[in-house]
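Visitor: With the working numbering applied, the sequence shown corresponds to residues 303 to 1127, in that order.
The beta carbon of each residue, even a glycine, is placed where N, CA and C say it ideally should be.
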Amino acid sequence: MLTSIIVLGTMAAAAPWISRALGRFAGPLFALVAGGIFLWFTSSFAAVTQEGGAISEATAWLPSFGVDLAFRLDGLSLLFAMLITGIGSLILLYASDYLKDHHLRHRFFAFLIAFMTAMLGVVTADNLVLLFVFWELTSMTSFLLIGFDHDKEESRKSAVQALLVTGLGGLVLLAGVFLLGIAAGNAAGVQGGLWRLSEVLEVEGLTEQPLFLGAMICLLGGAFTKSAQFPFHFWLPNAMAAPTPVSAYLHSSTMVKAGVYLVMRLNPAFDDSLAWSWTLAGFGATTMVVGAVLAARETYFKKVLAYSTVSSLGIMVMFTGVSGEIGAEAAVGYLLAHALFKACLFLIAGSTTHATGSKDIETLGGLRRAMPLTAAAALIGGLSMAGAPPLLGFVGKELLLKATTHPPESFILWKKAVVLTGMVTVSAVLTVMVSVLVGWRPFFAKPKQGEPAEAHALSWRMVTPPVVLALLTLVGPLVPRFFAAPLIEGGMASLGHPAEYPIKIALWDLMFPFAKFSAAFALSIGALFVGTWLYLIRARWRPTLQKTLALINPISPLTNYDRVLKGTLAFGRWQTKVVQSGKLSRYVTAIVLTTVGLSAWALIRSGDPIQGYENSGRTFLDVTLLVLMAIGAVASTRYRSRLAAIASLGVVGYCVAVIFVVLGVPDIAMTQFSIETLTVIIFVLVIYALPRFNVYSGGGRRIFDAGIALAFGATVTVLVLTAQGNSTLATATQAGLTPISQTLGELSYVEAFGKNVVNVILVDFRGMDTMGEITVLGIAAIGIFTLLKLRPESQTAGTAPLPRLTESPADTKSRSMPNWMEAEQ
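1. Going by the CB atoms, is the gap between residue 1013 and residue 898 shorter than 7 Å?
2. So what's residue 686 in DSSP terms, helix, strand or just coil?
3. Give me, in chain order, the residues of the same chain whose beta-carbon lies closer than 7 Å to that of residue 359; leave out the 5 immediate sequence neighbours on both sides.
4. Between which two residues does the beta strand (DSSP E) containing residue 363 stretch?
5. Put residue 370 into one of helix, strand or coil per three-state DSSP.
6. With 16 other CB atoms within 10 Å as the buried threshold, where does residue 328 fall?
7. Here's a check: name, in chain order, each residue in its chain whose Cβ is nearer than 7 Å to the Cβ of residue 402, leaving out the five neighbours to either side.
8. Measuring straight from C-alpha to C-alpha, what distance separates residue 562 and residue 1006?
9. Could you give the residue range of the alpha helix (DSSP H) that holds residue 921?
10. Do residue 393 and residue 551 count as a contact pair if the criterion is CB distance below 7 Å?
11. Does the region 423-443 come close enough to the region 530-541 to have 3 or more Cβ pairs within less than 8 Å?
12. For residue 1019, which of 928, 1083, 1068, 1062 has the nearest alpha-carbon?
13. Going by CA-CA distance only, name the one from 543, 600, 1070 that's closest to residue 454.
14. Quick one: residues in its chain with C-beta nearer than 8 Å to the C-beta of residue 988, no 5 flanking neighbours on either side, listed in chain order?
15. Assuming residue 385 contacts residue 747 under a Cβ cut-off of 8 Å, what Cβ separation, rounded to an integer in Å, is found between them?
16. So, for residue 340: in the same chain, excluding its five sequence neighbours on each side, which residues have a beta-carbon less than 7 Å away from its beta-carbon?
17. Mind the definition here: the region 566-577 touches the region 674-691 only if three or more C-beta pairs lie below 8 Å; say whether that holds.
18. Just list the residues that DSSP pairs residue 498 with in beta bridges.
19. Considering just the uninterrupted stretch of the alpha helix (DSSP H) at residue 384, what are its terminal residues?
20. Exposed or buried, residue 525, counting other C-beta atoms within 10 Å across all chains shown (16 or more means buried)?
21. Can you give me the C-alpha to C-alpha distance between residue 541 and residue 446, rounded to a whole angstrom?
22. Pick from 554, 600, 556, 630: whose alpha carbon is nearest that of residue 583?
23. Who are the Cβ neighbours of residue 319 in its own chain at under 6 Å, not counting the five residues just before and after it?
24. Going residue by residue through the region 957-988, where are the continuous beta strand (DSSP E) segments of at least 3 residues, counting only ones entirely within it?
25. Helix, strand or coil: which one does DSSP assign to residue 602?
26. Residue 923: which of 892, 903, 957 sits nearest, CA to CA?
27. Using the Cα positions of residue 947 and residue 1016, report the straight-line distance between them to the nearest angstrom.
28. Under the rule that 16 or more other beta-carbon atoms within 10 Å means buried, what is residue 307, buried or exposed?
29. Going by other Cβ atoms of all chains shown within 10 Å of its Cβ, with 16 needed for buried, is residue 312 buried or exposed?
30. Using the rule of at least 16 other Cβ atoms within 10 Å of the residue's Cβ for burial, across every protein chain shown, is residue 488 buried or exposed?
31. Based on the DSSP output, what are the partners of residue 662 in its beta bridges?
32. Mark residue 399 as exposed unless 16 or more other C-beta atoms lie within 10 angstroms of its C-beta, in which case mark it buried.
33. So, using beta-carbon positions, are residue 778 and residue 786 closer together than 7 Å?
34. Would you decide whether residue 843 is buried or exposed? Buried here means 16 or more other CB atoms lie within 10 Å of its CB.
35. With DSSP run on the structure shown, which of helix, strand or coil describes residue 532?
36. My guess is that residue 511 and residue 485 are in contact by the Cβ rule of under 8 Å, so how many angstroms apart are they, rounded?
Encoded structure:
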């Protein structure tokens, strides 16, 4: 598993160069590599789908923190991994032709493969911290993909919206991860927390821990934002600003299902909590209905599919909450069916827009003659989405209705079961209506203008992926043991419900409905007829629906998001104006007063802070140096010449260096001498030519500043005396604690192999801090370089513009997007 992630990550990093070198052959090559990883997961099919079967591997990462690169492949992980790599390979093949004329196609492959890598890490990670790392990588890579056409305001806005919503959810998830690890450690009696996910899920009494409720809320916050549950559903349809391959991949098997994966993974350990089950069922059911209603009002191809995806995600979350074998069966079965038909339909949406230049379904029609294979795939995908027999979507819908008509007695009362069944039925009816709209209307209905839209032929790379997905959704129920049944059985076993997948019962109901009639079958068939009827009369009820939704719009989640965002930006502008005024004196005053206040509070609470300090051992040299430092400091405030003030400050710095020499630390003394000399030289060169000092502040302000300076000096003096006193050291020794200075001295050579303790502290013990400082300086340097290169041409007259390093000469021929891509956006 780690090898697969490394291979994909390396390919993502090298994708731009490979794409430039191989041209139109790069996409098929990327698809072959992803397909090879898919085949590796397929080779683990037999071992993993057995009851309780799992493949685990771990590599040391941060052993001192108990964090390792731990991966685990069980039935649920295998299902997701096969969808990610299998559908991902088809998406890469499709994108190789779909974006062949886009001048940024090279970086697109890098973004998409990096996204695939992150998602594969999420579903296979067996360490909570590692899972969070990959979780955040999916948010960052999806931001790059959604905002791929960054020259468009809509793309940038949608990308930022997705990043803000899912990024905020990621921060909440981080808190949940730590709360869960600590709670699991407390329940298992493990000091420092339990971070291996498979071990966390086996802990007894986890839901009885005091931290469980907080962990549950935070984990669900992360999952709900990622999987677009109400009221966070609005970002997902807006993400349609991304190119179609991104939409197909993001909606079918990757990012939006990350939250579904998380709640499914945690459900075996959490399902004995009614708060967990009711929260999942409530939010899931609401999302299901809201998504279906919003999908019914749309006419743009990708918008319709996006809102139907929101509804489907609600279905999966809801039935994960309906605990028990039936709920797990419905959630896993529908997840597989949805991934296949939704990816198929999204790719067909892109093919239709690519061929006709139009994205409005109501204006299309009669495309079956120009696109026969695509039309057949659309019909199969639409029927599967509608839940028509004998497709995999029919089986998924049967399982959903079966779960709602037979809920666990311990979870829900009869009246509430009726409500749940009614909500599922309404959603199923509207889904059928949407399915007819996207699967039938563009290809088999008459066009609105009377003549079919002109459509050009598509290459095999754009035709093959949706056809393959359509065939899989057809073969799934007809030959259940080929792939569908074992995958769903393995997923159910991972959820703690090993059972036979009832595909034969579903087909028996199909073939002999009167011999074995059920309420689920009746609702399923009824939804097909009512949904088709709603499609036929959609012109009558759609205006009413639009008006009703317009009335709700002022209080909709999207409107509230815009309000919160505008309010946050307004508050930011206000605090920038007030706090970050641009006046250095205010910044220094605020920092110094905060330091003095906090330090004084701590010193006062400690009682006698300088207890144990002994004023002895002072030599004439010590006193002389202190007097010279005091004279230099006072003189620097009195001189009106900049050069004299710099010289006075230099005296203070050199005196400090001499003190280091006296104390026996020559390396620090040499550092101080070097820094002080360099500082004085730079100051002299920079400000020597500036005018003399002027007094801009009044007497009251200068008195105030003097008071702050004296307070700060007194605070630092007391802190130094406290540090030199032996009361703290004596107290620590009595308590059996070792001073940090002694510890660092003992470990400097043993662990870091360095005899200079100061150097060891900077390079090893504070290595991350030092690296952070270097990183900040590097980023600042890059920013300065960028600003210099982006100066207006009038400021760089006479210099030739630098070539774009991210484009090859062939890319500069055409920077504009094709008409069909403009239409899609």
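Guide: Let's see:
1. Result yes, Cβ atoms of residue 898 and residue 1013 sit closer than 7 Å.
2. DSSP, read as helix, strand or coil, puts residue 686 in helix.
3. Within the same chain, residue 359 has close Cβ partners 303, 304, 373.
4. Counted as a single uninterrupted DSSP element, the beta strand (DSSP E) harbouring residue 363 occupies residues 357-364.
5. Three-state DSSP puts residue 370 in a strand.
6. With 16 or more Cβ atoms within 10 Å of its Cβ, residue 328 is classed as buried.
7. Contacts found: 326.
8. Going from the Cα of residue 562 to the Cα of residue 1006 covers about 59 Å.
9. Unbroken run through residue 921: none, as it is neither H nor E.
10. Yes, they are a contact pair.
11. These segments do not touch.
12. Across the set 928, 1083, 1068, 1062, the C-alpha of 928 shows the shortest separation from the C-alpha of residue 1019.
13. Closest option to residue 454, Cα to Cα, is 543.
14. Counting only Cβ-Cβ distances below 8 Å, and skipping sequence neighbours, we find nothing.
15. About 31 Å separates the two Cβ atoms, so there is no contact after all.
16. Within the same chain, residue 340 has close Cβ partners 384, 387, 388, 391.
17. The region 566-577 vs the region 674-691: no contact.
18. DSSP output for residue 498 lists 429 as bridge partner(s).
19. Its alpha helix (DSSP H) spans residues 377-400.
20. By the neighbour-count rule (16 or more Cβ atoms within 10 Å), residue 525 is buried.
21. Answer to the nearest angstrom: the Cα atoms are 11 Å apart.
22. Residue 630 holds the alpha-carbon nearest to the alpha-carbon of residue 583 among 554, 600, 556, 630.
23. Nothing listed; no residue qualifies.
24. The region 957-988 contains no whole beta strand (DSSP E) run of 3 or more residues.
25. Of the three classes helix, strand and coil, the one that applies to residue 602 here is strand, per DSSP.
26. 957 is the residue among 892, 903, 957 whose C-alpha sits nearest the C-alpha of residue 923.
27. If you draw a straight line from the Cα of residue 947 to the Cα of residue 1016, it comes to about 23 Å.
28. When all chains shown are included, residue 307 counts as buried.
29. The residue is exposed, with fewer than 16 neighbouring Cβ atoms inside 10 Å.
30. So residue 488 counts as buried.
31. Note: residue 662 sits in a beta bridge opposite 602.
32. So residue 399 counts as buried.
33. Taking 7 Å as the Cβ cut-off, residue 778 and residue 786 qualify as a contacting pair.
34. When all chains shown are included, residue 843 counts as exposed.
35. Three-state result, residue 532: coil.
36. The Cβ separation is near 4 Å, so the contact holds.
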